[in-house]
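Student: Quick note on numbering: this note's numbering labels position 238 of the sequence shown as 291, and the sequence is numbered without any gaps.
Here a beta-carbon is modelled for each residue, glycine too, at the ideal position from N, C-alpha and C.
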Amino acid sequence: MSTAYTGPSASVNAVRPGRTRMRNFDLPLVLAVTTLLMLGLLMVYSASIALGDGPRYAAYGRYYFILRHGIFISTGVVVAVVTLTIPVQTWEKIAVPLFMVSLAMMVVVLVPGIGREVNGARRWIPLGPINFQPSELMKLAAVVYAANYTVRKQEHMQAFMRGFMPMAFALGMVGMLLLLEPDLGAFMVIVAIAIGVLFMGGINGKYFSGLLASLFGMFLLLIWLSPWRRARLFAYLDPWNDANAYGSAYQLSHSLIAFGRGEWLGVGLGASVEKLHYLPEAHTDFLMAVVGEELGFVGVLLVVGLFGVVVQRGFDIGRQAIAMERTFAGLAAHGVAMWFGVQAFINMGVCLGLLPTKGLTLPLMSYGGSGIVMNLAALALLLRVDIENRILMRGGRV
Numbered sequence: 054m055s056t057a058y059t060g061p062s063a064s065v066n067a068v069r070p071g072r073t074r075m076r077n078f079d080l081p082l083v084l085a086v087t088t089l090l091m092l093g094l095l096m097v098y099s100a101s102i103a104l105g106d107g108p109r110y111a112a113y114g115r116y117y118f119i120l121r122h123g124i125f126i127s128t129g130v131v132v133a134v135v136t137l138t139i140p141v142q143t144w145e146k147i148a149v150p151l152f153m154v155s156l157a158m159m160v161v162v163l164v165p166g167i168g169r170e171v172n173g174a175r176r177w178i179p180l181g182p183i184n185f186q187p188s189e190l191m192k193l194a195a196v197v198y199a200a201n202y203t204v205r206k207q208e209h210m211q212a213f214m215r216g217f218m219p220m221a222f223a224l225g226m227v228g229m230l231l232l233l234e235p236d237l238g239a240f241m242v243i244v245a246i247a248i249g250v251l252f253m254g255g256i257n258g259k260y261f262s263g264l265l266a267s268l269f270g271m272f273l274l275l276i277w278l279s280p281w282r283r284a285r286l287f288a289y290l291d292p293w294n295d296a297n298a299y300g301s302a303y304q305l306s307h308s309l310i311a312f313g314r315g316e317w318l319g320v321g322l323g324a325s326v327e328k329l330h331y332l333p334e335a336h337t338d339f340l341m342a343v344v345g346e347e348l349g350f351v352g353v354l355l356v357v358g359l360f361g362v363v364v365q366r367g368f369d370i371g372r373q374a375i376a377m378e379r380t381f382a383g384l385a386a387h388g389v390a391m392w393f394g395v396q397a398f399i400n401m402g403v404c405l406g407l408l409p410t411k412g413l414t415l416p417l418m419s420y421g422g423s424g425i426v427m428n429l430a431a432l433a434l435l436l437r438v439d440i441e442n443r444i445l446m447r448g449g450r451v
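Listed below in structure tokens is the structure:
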């Protein structure tokens with residue numbers, strides 16, 4: 054009978070199972086984000102290929118949107134790589150200046166002659182061949198500012214004047230500027246980020262409930278005082294009414310038709326009928342309708358599942374950071390997770406007729422330069438939190 058060798062090399066092999074096999078980054082998060090980006094690129098191409106045949110985009114050509122979207126993704130990846138090199142501690146230091154810069158840019162966008170107006174909304178600042186949307190930067194600023202505010206005011210989070218009112222005033226300023234653009238969808242996302250971070254940071258329950266009630270009352274008041282918002286709400290409640298189907302509910306009714314045509318497995322990639330000038334903005338706000346028509350219920354479920362992975366990993370990374378007493382990092386990770394979860398939910402809810410129509414894109418997938426770049430920058434911040442968590446768990450320093 055042979056005996057096993059027990060020399061020096063065998064001793065080395067014996068200790069290997071005890072070594073950590075932890076990766077340097079969160080692989081499920083990276084895979085989910087990459088899949089969403091690639092699927093979005095494919096669907097933007099499918100949704101925009103026929104736009105060049107219409108009079109509005111005839112001068113652009115068939116590949117205008119897909120080429121620009123590819124450039125936006127490439128730019129976003131470069132920005133994400135740069136963001137990944139910035140320590141979380143630095144984000145904590147620049148949180149307030151970043152918020153103030155974002156607020157100033159939202160003021161600038163409203164100045165006549167500077168801000169660009171499209172369909173009655175003034176949301177963009179022209180920067181040569183591209184248009185920058187300050188509200189997208191504000192989403193990132195809201196994440197780090199709310200996290201920083203919660204850490205700085207931790208001992209006053211139960212107080213009204215020193216803990217609650219300063220953040221309420223900051224949100225009021227942001228809300229006022231966004232409603233002047235107007236951009237109610239972005240306002241809802243930013244408010245969700247801020248109050249979500251405050252809630253996790255331990256704000257007084259009564260003040261939190263009061264803030265939610267006030268915001269809900271403000272939302273109802275805005276709808277009541279704005280005829281076109283009232284029309285959208287009533288159209289959303291009855292999209293198949295003849296007056297609504299050809300008016301305020303035109304996009305919603307065609308979005309529902311697209312989902313209905315897709316059934317379980319879809320009509321096939323590139324075979325959508327609704328994108329042929331029936332469904333407006335199919336490559337931006339209503340990209341999910343094209344996914345539903347061409348890829349069916351299976352495709353929609355895949356997208357929902359991928360966003361679920363992003364949100365779940367974001368909360369797990371944040372919880373790990375807080376467990377290691379890295380409160381700012383943990384709250385920032387939670388803020389990013391809430392951003393993607395809330396915005397994706399609103400966009401999908403609008404496309405499916407669950408929510409009134411809002412001008413809000415699907416993160417990582419819809420056509421749009423500022424959105425893609427800021428999405429990737431936020432995810433790079435989340436990944437940076439995760440990388441620092443792993444370094445600390447190995448006994449290193451950040």
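Excluding the 5 residues preceding and the 5 following residue 186 in the sequence, name in chain order all residues of the same chain whose CB lies nearer than 6 Å to its CB.
Tutor: If we look at residue 186 and ignore the five residues flanking it on each side, its Cβ neighbours are 176, 177, 423.
Student: Identify which residue in 96, 327, 372 has its Cα closest to the Cα of residue 118.
Tutor: Closest option to residue 118, Cα to Cα, is 96.
Student: Assuming residue 200 and residue 384 are in contact, meaning their beta carbons sit under 8 Å apart, how far apart are those beta carbons, in whole angstroms?
Tutor: Rounded, the Cβ-Cβ distance is 4 Å, consistent with contact.
Student: Take residue 60 and list the residues in its own chain whose beta-carbon comes closer than 7 Å to its own, dropping the five residues that flank it on each side.
Tutor: Note that residue 60 scores a pLDDT of 46, beneath 50, so its modelled location is shaky; the value from the coordinates is reported in the next line. No residues qualify anywhere along the chain.
Student: Based on Cα-Cα distance, which residue from 212, 296, 272 lies nearest to residue 251?
Tutor: For residue 251, the nearest C-alpha among the options comes from 212.
Student: Residue 195: which of 208, 214, 221 sits nearest, CA to CA?
Tutor: Ranking 208, 214, 221 by Cα distance to residue 195 puts 221 first.
Student: Which residues mark the beginning and the end of the beta strand (DSSP E) in which residue 170 is found?
Tutor: Residue 170 -> beta strand (DSSP E) spans 169–171.
Student: Tell me the residue span of the alpha helix (DSSP H) that contains residue 147.
Tutor: Note, residue 147: alpha helix (DSSP H), 141–161.
Student: Within its chain, find whatever has a CB closer than 8 Å to the CB of residue 163; leave out the 5 residues flanking it on each side and keep chain order.
Tutor: These residues qualify, in order along the chain: 175, 230, 233, 234.
Student: Please return the same chain residues whose Cβ sits closer than 7 Å to the Cβ of residue 404, not counting the five positions on each side in sequence.
Tutor: Result list for residue 404: 308, 339, 341, 342, in chain order.
Student: Roughly how many whole angstroms lie between the Cα atoms of residue 322 and residue 346?
Tutor: Rounded to the nearest angstrom, the two C-alpha atoms are 9 Å apart.
Student: Would you call the CB atoms of residue 371 and residue 390 closer than 8 Å?
Tutor: Yes, the Cβ-Cβ distance between residue 371 and residue 390 is below 8 Å.
Student: Rounding to the nearest angstrom, what Cα-Cα distance links residue 223 and residue 157 in this structure?
Tutor: Their backbone Cα atoms lie some 13 Å apart in a straight line.
Student: My assumption, with CB atoms under 8 Å, is that residue 103 sits in contact with residue 329. Please give the rounded CB distance.
Tutor: 5 Å between Cβ atoms; contact.
Student: Does residue 299 pass the burial test, meaning 16 or more other C-beta atoms within 10 Å, or should it be called exposed?
Tutor: The residue in question, residue 299, is exposed, as its Cβ has fewer than 16 Cβ neighbours within 10 Å.
Student: Whole-angstrom Cβ separation of residue 141 and residue 437, contact assumed at under 8 Å?
Tutor: Contact holds; Cβ gap of about 6 Å.
Student: Measure the beta-carbon distance from residue 81 to residue 366 and round it to whole angstroms, keeping in mind my assumption that it falls under 8 Å.
Tutor: 6 Å between Cβ atoms; contact.
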